[in-house]
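Top line first, the protein sequences correspond to chains A and B.
Here the first sequence is numbered in this note's numbering, starting from 6 and rising by one per residue.
Here the second sequence is numbered in this note's numbering, starting from 6 and rising by one per residue.
Quick reminder that beta carbons are idealized off the backbone N, C-alpha and C, glycines included.
Just so we're clear, the structure is a prediction, and the values are computed from it rather than from any experiment.
There are 2 protein chains.
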Amino acid sequence: MVETPRRREIEDVASVLFREHGYSGTSVRDIARALDIRGASLYAHVASKQDVLWSIIDRMASRFEIAAADALAAASTPGAGPGERLMALVRAHVGVVADDVGRATVFVHEWRSVTGERHDQIVERRDRYEERFRAVIAEGVATGTFAPIDPEVAAAFTLTALNGIVAWYQPAGRIGPTDLADLYADLALHAVLATDGRREVPAGWREVPA
Amino acid sequence: MVETPRRREIEDVASVLFREHGYSGTSVRDIARALDIRGASLYAHVASKQDVLWSIIDRMASRFEIAAADALAAASTPGAGPGERLMALVRAHVGVVADDVGRATVFVHEWRSVTGERHDQIVERRDRYEERFRAVIAEGVATGTFAPIDPEVAAAFTLTALNGIVAWYQPAGRIGPTDLADLYADLALHAVLATDGRREVPAGWREVPA
DNA sequence: CCTACCGATCGGTAGG
DNA sequence: CCTACCGATCGGTAGG
C-alpha cells in the first residue's frame with residue numbers, strides 16, 4: 006500500500022485510539038468514526054486493522070533505529086567515550102519518544118499485538134536496538150568509566166525508564182523535549198557512572214546524617 | 006464476592022491471560038477454557054470480567070501500598086536519611102513486582118481498563134503511592150544528599166524503570182528477587198545521588214579519555 | 001466512499 | 001457447573 010495523505014490520517018487517528026484503548030480495544034469502526042466515514046470505507050485505504058498497526062510500529066522502529074545510529078556515529082569521535090555515547094543514545098531515544106508520544110506509546114505497548122512474521126521481525130529489531138545500549142554500557146564498565154554493574158540489567162533499567170516517558174510525559178506541559186532529553190541523559194548517566202567507592206555503595210551504603 | 010479457592014484460581018489464570026493478551030484481548034471464554042469449564046460457568050464465581058480485573062488490580066495496589074509503608078517505617082529510624090528511604094522504597098517495589106510478575110504486569114498495563122469509580126480510585130491510589138517517591142527525592146534534594154534534580158521527573162524516571170521490570174524479568178532466570186532488588190536500588194540511588202560537581206555534569210560533561 | 005451483508009465471537013442471563 | 005440462548009459487535013467482503 007502506498008502512503009497517501011488519507012492513509013497517514015488513518016494512522017494518526019489510529020495511534021491515538023490504540024494508545025488510549027489498546028489495539029484489541031479499538032475497533033475498525035472506532036477508527037472510521039474518528040474520520041467520519043463508515044467502517045467498510047476504511048478498506049479502500051488499508052488492507053486490514055493489523056496493517057494499520059504495523060505501519061505505526063514499523064515507522065517508529067525505523068525512527069528509533071536511525072536516531073540511535075546517528076547518535077552513536079556523532080558520539081564516536083576521538084575524545085568521546087562510553088559516557089558520551091550513552092548520553093547520545095538516551096537523548097536520541099527521548100527525542101523520538103517526545104516527538105510523537107502517541108505512536109511511541111503504541112510502539113512500546115502494542116508490539117505484542119503484531120502477528121505473523123512481522124512479530125518475529127519486530128522482536129529481532131528490538132533486540133538489535135537494545136544491544137546498542139548493552140554494548141555501550143559494557144564498554145563503560147570495561148574502561149572503568151561506569152561502575153561494575155551488570156550491562157544487561159543496567160540496559161533494561163535504562164531503556165524501560167526511557168520508554169516509561171510515554172506513561173507521564175505531556176508535550177504541552179512545563180518540560181520541553183530538549184529539557185526532557187537533558188534531564189533523562191543526566192539521570193541515566195549517573196545511574197551507571199563510576200563514583201568514588203561505588204563498589205561498596207550498594208551493599209552497605211550509609212549516608213552521614215546532617 | 007467472597008474469596009474462595011476457585012475464585013483465586015480464576016484470578017491466577019486471568020492474570021496470565023491478561024498479561025499476555027491484555028484485558029480486551031482476553032475473552033471470558035478464554036479464561037474458562039484455561040480452567041476447563043464453560044464460559045457461562047465462570048459466572049457462578051464472578052460477577053463480571055471487569056470484577057476479575059479489579060480483584061487483580063486491587064490486590065496488587067494493596068501490596069504495593071503496604072510494602073511501601075513498611076519500607077518507609079523501617080527506614081525512618083535515626084541515622085537513616087533520604088538515601089536509605091529511597092533504597093527501601095525501591096527494594097519494596099521490586100520485591101512486590103518480582104514476587105508476582107503476572108499480576109504486576111496486569112497492574113502496570115491494565116489499570117486503564119478499570120471502569121467506573123474504581124478507575125478514579127486507582128488513579129488516586131497510584132498518585133498517593135508515587136507521591137512517596139517524590140517526597141523522598143525532594144527531601145534528598147533539599148538536604149543535598151541528592152543532586153539538584155526535579156523530584157517529579159526523577160520519581161517518574163525511577164518508578165517507570167521499576168515497573169519496566171515486568172517487561173523483561175524472568176523469575177526462573179539467573180537473577181533472584183533479592184539480587185534484583187539490590188541491583189535496582191543501586192541504579193536508582195545513583196541516578197539521583199549527589200556526587201562531586203554533579204551540577205555541572207549534565208550540561209558539559211566530558212570524560213577524560215583513557 | 002457508500003449500503004448491505006457475512007459468519008464468528010463477544011459478555012452475559014435463564015433455568016436448571 | 002451445565003445447555004441453550006440473548007442482542008450487540010467484531011473484522012472484513014461484495015458490488016456498486
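What is the DSSP secondary structure of residue i, counted as helix, strand or coil?
i, result
"V7 (chain B)", "coil"
"L77 (chain B)", "helix"
"L220 (chain A)", "Given a span of 6 to 215 for chain A in the structure shown, any question on residue 220 (chain A) remains unanswerable."
"L22 (chain A)", "helix"
"L40 (chain B)", "coil"
"V146 (chain B)", "helix"
Determine the contact status of residue i and residue j, defining contact as a CB-CB distance below 7 Å.
i, j, result
"L94 (chain A)", "A66 (chain A)", "no"
"R133 (chain A)", "W59 (chain A)", "no"
"G27 (chain B)", "S20 (chain A)", "no"
"E89 (chain A)", "A78 (chain A)", "no"
"T150 (chain A)", "R24 (chain A)", "no"
"P2 (chain A)", "G145 (chain A)", "In this structure chain A extends from 6 to 215, so residue 2 (chain A) is not present and cannot be described."
"A159 (chain A)", "V197 (chain A)", "yes"
"I36 (chain B)", "V119 (chain B)", "no"
"R2 (chain A)", "V101 (chain A)", "Since the first and last residues shown for chain A are 6 and 215, residue 2 (chain A) lies out of range."
"A152 (chain A)", "A199 (chain A)", "yes"
"V57 (chain A)", "L40 (chain A)", "no"
"V106 (chain B)", "V171 (chain B)", "yes"
"T163 (chain A)", "A143 (chain A)", "no"
"A103 (chain B)", "P182 (chain B)", "yes"
"H114 (chain A)", "H195 (chain B)", "no"
Is it buried or exposed for residue i, if we count other Cβ within 10 angstroms and need 16 for buried?
i, result
"V128 (chain B)", "exposed"
"A147 (chain A)", "exposed"
"G202 (chain B)", "exposed"
"R13 (chain A)", "exposed"
"L22 (chain B)", "buried"
"R108 (chain A)", "buried"
"T31 (chain B)", "buried"
"K54 (chain A)", "buried"
"A208 (chain B)", "Note that A208 (chain B) scores a pLDDT of 38, beneath 50, so its modelled location is shaky; the value from the coordinates is reported in the next line. With fewer than 16 Cβ atoms within 10 Å of its Cβ, A208 (chain B) is classed as exposed."
"E16 (chain B)", "buried"
Using a beta-carbon distance cut-off of less than 7 Å, what residues from the stretch 39-62 of chain B approach chain A? Those residues of the stretch 39-62 of chain B that come within reach of chain A (Cβ to Cβ, closer than 7 Å) do not exist; the list is empty.
- Taking any Cβ of chain B, which residues in the stretch 152-173 of chain A have a Cβ under 8 Å from it, in chain order? Listed by position, the residues of the stretch 152-173 of chain A near chain B (Cβ gap below 8 Å) are A152, I154, D155, V158, A159, A161, F162, T163, L164, T165, A166, N168, G169, I170, A172, W173.
Checklist entry - Three or more C-beta pairs closer than 8 Å, one from the stretch 6-20 of chain B and one from the stretch 180-191 of chain B: is that the case here? => result Segments in contact, no.
inquiry  = Beta carbons nearer than 9 Å to chain A: which residues of the stretch 22-33 of chain B have them?
reply    = Residues are counted here when their Cβ sits less than 9 Å from a Cβ of chain A; for the stretch 22-33 of chain B these are E25, H26, G27, Y28, S29, G30, T31, given in chain order.
With a threshold of 8 Å, are at least 3 pairs of Cβ atoms found where one atom belongs to the stretch 40-51 of chain A and the other to the stretch 73-88 of chain A? These segments do not touch.
Determine contact between the stretch 157-176 of chain B and the stretch 95-110 of chain B, defined as no fewer than three beta-carbon pairs at a distance below 8 Å.
Verdict: yes, contact present.
Tell me which residues of the stretch 79-112 of chain A have at least one Cβ-Cβ distance to chain B shorter than 9 Å, keeping chain order.
For the stretch 79-112 of chain A, residues whose beta-carbon sits nearer than 9 Å to a beta-carbon of chain B comprise P83, G84, A85, G86, P87, G88, E89, M92.
Open item on the list: To be precise: take each residue of the stretch 185-199 of chain B, compare its Cβ to all Cβ atoms of chain A, and keep it if any distance is under 9 Å. Which residues remain?
Closed with: Cβ contacts with chain A come from L185, D187, L188, Y189, A190, D191, L192, A193, L194, H195, A196, V197, L198.
Contact residues within the stretch 123-135 of chain A, judged by C-beta distance below 8 Å to chain B: Answer set for the stretch 123-135 of chain A: empty.
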